[in-house]
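Everything below concerns the one structure shown next.
Protein chains: 2
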Amino acid sequence: MASMNEVAKRAGVSIATVSRVLNNSESVNEETRMKILKAIKELKYQPSRVAKRLRSKSGAGNLLGVLIPDIQNPFYVDVLRGIEDVAYQNNYVIIMCNFSQDEKKEAMYLEILESEAIDGLIAAPAHEDDQRVKKIVRNGLPVVCVDRGLKGMDVDVVWVNNLESAYQAVSFMIEKGYKRIAHIGGLPTIPSSRLRLEGYRNAMQDHGLELDENLIIQGDSSYASGMQVTEKLLNMKNPPDALFTGNNLITLGALEVINGRKLQIPKDIAVLGFDDMNWSNALNPPLTAVRQPAYEIGKRAGELLIQRIKDPKRPCIHMTLNSELKVRHSC
Amino acid sequence: MASMNEVAKRAGVSIATVSRVLNNSESVNEETRMKILKAIKELKYQPSRVAKRLRSKSGAGNLLGVLIPDIQNPFYVDVLRGIEDVAYQNNYVIIMCNFSQDEKKEAMYLEILESEAIDGLIAAPAHEDDQRVKKIVRNGLPVVCVDRGLKGMDVDVVWVNNLESAYQAVSFMIEKGYKRIAHIGGLPTIPSSRLRLEGYRNAMQDHGLELDENLIIQGDSSYASGMQVTEKLLNMKNPPDALFTGNNLITLGALEVINGRKLQIPKDIAVLGFDDMNWSNALNPPLTAVRQPAYEIGKRAGELLIQRIKDPKRPCIHMTLNSELKVRHSC
DNA sequence: ATGAAAGCGCTAACAT
DNA sequence: ATGTTAGCGCTTTCAT
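Protein sequences, first through last, are from chains A and B. Mapping of the first sequence onto my numbering: position 271 corresponds to residue 271, and the numbering continues sequentially without gaps. Just remember that my numbering sits 1000 ahead of the position in the second sequence, which is counted from 1.
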């Protein structure tokens, strides 16, 4: 790979001038500019992003970190797609850090990202009291949180109206006539899990339905937990007639168990999932679900981050996107 | 962030000595080592991976590029997980480049990766004649291909026995008694699409079944193409009694159409998919599928890449993993 | 309008 | 065993 020096030599100018035309800064004589452009072309010169990053400490490195809890969850894949599109359009590139709900791994990745001199970070922190992410924000790195905020910390957040969405979904179930609606929640440490649970509780109460605490079980947000909890619920002497599942993976786990028992959805048990998937119509019956605009969450987060990199002083924004109840046939 | 210089000053030594203890190279007096370690701790010093990368041109940068055609395809997500695990264990970090089957985007990303001075690349090239990836290999960057090779080029590849797997799958369908088995293929430019088609053809012929060319349709490997082609097939005057779908996304698209028409699987039409998903049991009925060991493909590729980075002279390996027919209830 | 030179944080000769 | 020094490829004053 040719370096700026070689370009400068070939064009018979100094590297400073080359740098100037590259950053189309200030006034450069049209003639010399042409000479330089020619040399660049001939040498197939491409600037080293590494050197650039080393030199200019802020925002010019075109490198973003993305920290997500679980790449196997389709929700985060879609978020990632949104981020990636914005990043790509702005000549940024992404270091992907999937910490698989493992806080040790999260800590490692965060250290590495710092030492990679990223220009900004999009993160779904392990929980809202995540000291590691908080420290990074305090250190002045531009950060945008997705799906979860940071308690007591002013930071950009893009998320969805979890409580209201859950409330609306459960209300829908109630109106459909379901009485014993169980909720399989995600990790209680995750704020969105708690909000969805709260929405569930509120809806039940507001509609005068009895709140059977045995019907509320929180797992660890995984497929396996979806299976386990569903088993448990279905084994009850008085099992639920409907399931409100707390995320994508839980929903899928629940479906596996229900299918395994040859139960009919929604006749024997109805299912309404939080989180939609692009292929929810491929399920049989098609899944009724709360659709978070995952791609858009990622896109917005990317935009906010790039804004913040350019203008670190801009006041923080909490952007709440609306989710949508996709009524299909499982409830 | 503290720099090596500050550490050196605090410990009262030169930066060279600091560098030595960091790379636990050569002999350093135990006493000074302690002093330095102490200073490092006190300053919370972390080496800059950027500076390191700029300086030492080969393999020390701990940065890997991953180039994949479609992050929305669960197969690639699992591959990515495998790569990521190996990378993480070896202190490498990943720049994720999803080119969404768009060759312009692929080209852009490849350029950027070069200028990021990555130590190695794992790629699923757009096709086997991909000049851009070929050039990178020729330039001497360590590269491992997954899922697809590079025609006329000696390069490490990790893939699956596509032809045999398809052959086996279709034979299974035939033995089950299906006669009019349709194949919805992926992009003909992708080698694995062609191999799976060939496996299909061979199986049909070897079992003395008529090869109705109307039953063989190649799309673009997407969910949408899965839907379109399935529509077309089901609208035939003499529709197929079984579907052999060419990848994950196609399968899901096909299922949506089949469900939409209230057709029973496998009674009205059987489905066998190439590519399994972690949640295939959540489908109703559970999907019979050819399971590629996607995670392991990623893991192996990661291992091969790190080996090659350490030893660029090692002869190339074509590693063919076995896929497995998961017989469930859709066929 | 252009060049010279310092320096980002580190590695790797080369000295001592 | 440790220090000095010359870069890696670039940006950015400060001169001219």
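Ideal Cβ placement from N, Cα and C applies to all residues, glycine included.
Between the options, which has its C-alpha nearest residue i's C-alpha?
{"i": "B:L1211", "options": "B:S1222, B:R1180, B:I1184 and B:M1227", "result": "B:R1180"}
{"i": "A:E128", "options": "A:V143, A:V271 and A:M153", "result": "A:M153"}
{"i": "A:E324", "options": "A:D276, A:E303, A:K299 and A:A8", "result": "A:D276"}
{"i": "A:R148", "options": "A:A254, A:I297, A:K326 and A:I258", "result": "A:I297"}
{"i": "A:Y178", "options": "A:V157, A:W159, A:D156 and A:L209", "result": "A:L209"}
{"i": "A:N235", "options": "A:N214, A:L252, A:G246 and A:N247", "result": "A:N214"}
{"i": "B:N1039", "options": "B:G1246, B:E1006 and B:P1069", "result": "Strictly speaking, residue 1039 of chain B in this sequence is Ala, with Asn absent from that position. It is B:E1006."}
{"i": "B:G1082", "options": "B:L1067, B:K1299 and B:D1130", "result": "B:K1299"}
{"i": "B:V1066", "options": "A:K41, A:I95, A:T245 and A:V13", "result": "A:I95"}
{"i": "B:P1312", "options": "B:R1138, B:Q1218 and B:A1107", "result": "B:R1138"}
{"i": "B:V1144", "options": "B:K1310, B:P1315, B:A1301 and B:R1314", "result": "B:A1301"}
{"i": "B:L1110", "options": "B:P1069, B:V1086 and B:V1079", "result": "B:P1069"}
{"i": "B:V1086", "options": "B:E1303, B:R1314, B:H1318 and B:P1315", "result": "B:E1303"}
{"i": "A:Q292", "options": "A:C316, A:N322, A:P286 and A:E42", "result": "A:N322"}
{"i": "A:A8", "options": "A:K41, A:W279, A:P315 and A:A282", "result": "A:K41"}
{"i": "A:Q342", "options": "A:H207, A:Q131 and A:K151", "result": "There is simply no residue 342 of chain A to check, as chain A begins at 1 and stops at 331 in what is shown."}
{"i": "B:E1103", "options": "B:W1159, B:I1250, B:R1132 and B:A1294", "result": "B:R1132"}
{"i": "A:D241", "options": "A:A294, A:Q228, A:R49 and A:V170", "result": "A:V170"}
Looking at the unbroken beta strand (DSSP E) that takes in residue i, where does it start and where does it end?
{"i": "B:L1272", "result": "A1270 to F1274"}
{"i": "A:F99", "result": "First-last for A:F99: undefined, no H or E at that position."}
{"i": "A:Q218", "result": "I216 to Q218"}
Going by DSSP, which residues form a beta bridge with residue i?
{"i": "A:R53", "result": "DSSP output for A:R53 lists no bridge partner at all."}
{"i": "A:L67", "result": "A:C97 and A:A123"}
{"i": "B:F1244", "result": "B:H1183 and B:L1272"}
{"i": "A:L332", "result": "An answer regarding residue 332 of chain A cannot be provided, because it is not within the stretch 1 to 331 covered by chain A."}
{"i": "A:C335", "result": "There is simply no residue 335 of chain A to check, as chain A begins at 1 and stops at 331 in what is shown."}
{"i": "A:R291", "result": "A:E324"}
Excluding the 5 residues preceding and the 5 following residue i in the sequence, name in chain order all residues of the same chain whose CB lies nearer than 6 Å to its CB.
{"i": "B:Y1092", "result": "N1062 and L1064"}
{"i": "B:L1187", "result": "S1193, D1220 and S1221"}
{"i": "B:M1004", "result": "I1015 and V1018"}
{"i": "A:T288", "result": "L272, V327, R328, S330 and C331"}
{"i": "A:I306", "result": "N90"}
{"i": "A:N218", "result": "Sequence check: residue 218 of chain A is Gln here, not Asn. Correct list, in chain order: G185 and P188."}
{"i": "B:I1335", "result": "Beyond the ends of chain B as shown, which are 1001 and 1331, falls residue 1335 of chain B; an answer cannot be given."}
Pull up the distance between the alpha-carbon of residue i and that of residue j, whole angstroms please.
{"i": "A:E198", "j": "A:P191", "result": "11 Å"}
{"i": "A:F274", "j": "A:D220", "result": "15 Å"}
{"i": "A:A60", "j": "A:A117", "result": "10 Å"}
{"i": "B:A1270", "j": "B:V1290", "result": "14 Å"}
{"i": "A:V257", "j": "A:Y200", "result": "22 Å"}
{"i": "A:A263", "j": "A:E231", "result": "Correcting the residue type first, residue 263 of chain A is Leu in the shown sequence and not Ala. Near 12 Å, if we compare the C-alpha coordinates of A:E231 and A:L263."}
{"i": "A:R308", "j": "A:S165", "result": "29 Å"}
{"i": "B:Q1089", "j": "B:K1052", "result": "19 Å"}
{"i": "A:Y223", "j": "B:S1330", "result": "22 Å"}
{"i": "B:K1237", "j": "B:R1261", "result": "16 Å"}
{"i": "A:P125", "j": "A:T320", "result": "17 Å"}
{"i": "A:V21", "j": "B:C1097", "result": "28 Å"}
{"i": "A:P266", "j": "A:I136", "result": "47 Å"}
{"i": "B:L1163", "j": "B:F1244", "result": "13 Å"}
{"i": "A:I71", "j": "B:I1112", "result": "24 Å"}
{"i": "A:I174", "j": "A:M204", "result": "8 Å"}
{"i": "B:A1123", "j": "B:V1146", "result": "6 Å"}
{"i": "A:K57", "j": "B:P1047", "result": "15 Å"}
{"i": "A:N281", "j": "A:F172", "result": "20 Å"}
{"i": "B:N1023", "j": "A:N259", "result": "55 Å"}
For residue i, which residues of its own chain have a beta-carbon under 7 Å away from its beta-carbon, when the five flanking residues on both sides are left out?
{"i": "B:P1239", "result": "L1233"}
{"i": "B:L1141", "result": "G1120 and L1121"}
{"i": "B:P1074", "result": "N1248 and M1277"}
{"i": "A:V77", "result": "I71"}
Which residues bound the alpha helix (DSSP H) around residue i?
{"i": "A:M4", "result": "M4 to A11"}
{"i": "B:R1261", "result": "Neither: B:R1261 is in no alpha helix (DSSP H) and is coded neither H nor E."}
{"i": "B:S1192", "result": "P1191 to D1206"}
{"i": "B:E1030", "result": "E1030 to L1043"}
{"i": "A:A282", "result": "No alpha helix (DSSP H) contains A:A282, which DSSP labels as neither H nor E."}
{"i": "A:K135", "result": "Q131 to R138"}
{"i": "B:K1232", "result": "Y1223 to L1234"}
{"i": "B:S1019", "result": "I1015 to L1022"}
{"i": "A:R81", "result": "P74 to Q89"}
To which residues of the same chain is residue i closer than 8 Å at the C-beta, ignoring the five residues directly before and after it?
{"i": "A:V13", "result": "T32, K35 and I36"}
{"i": "B:L1252", "result": "Y1223 and G1226"}
{"i": "A:L195", "result": "N162, L163 and A166"}
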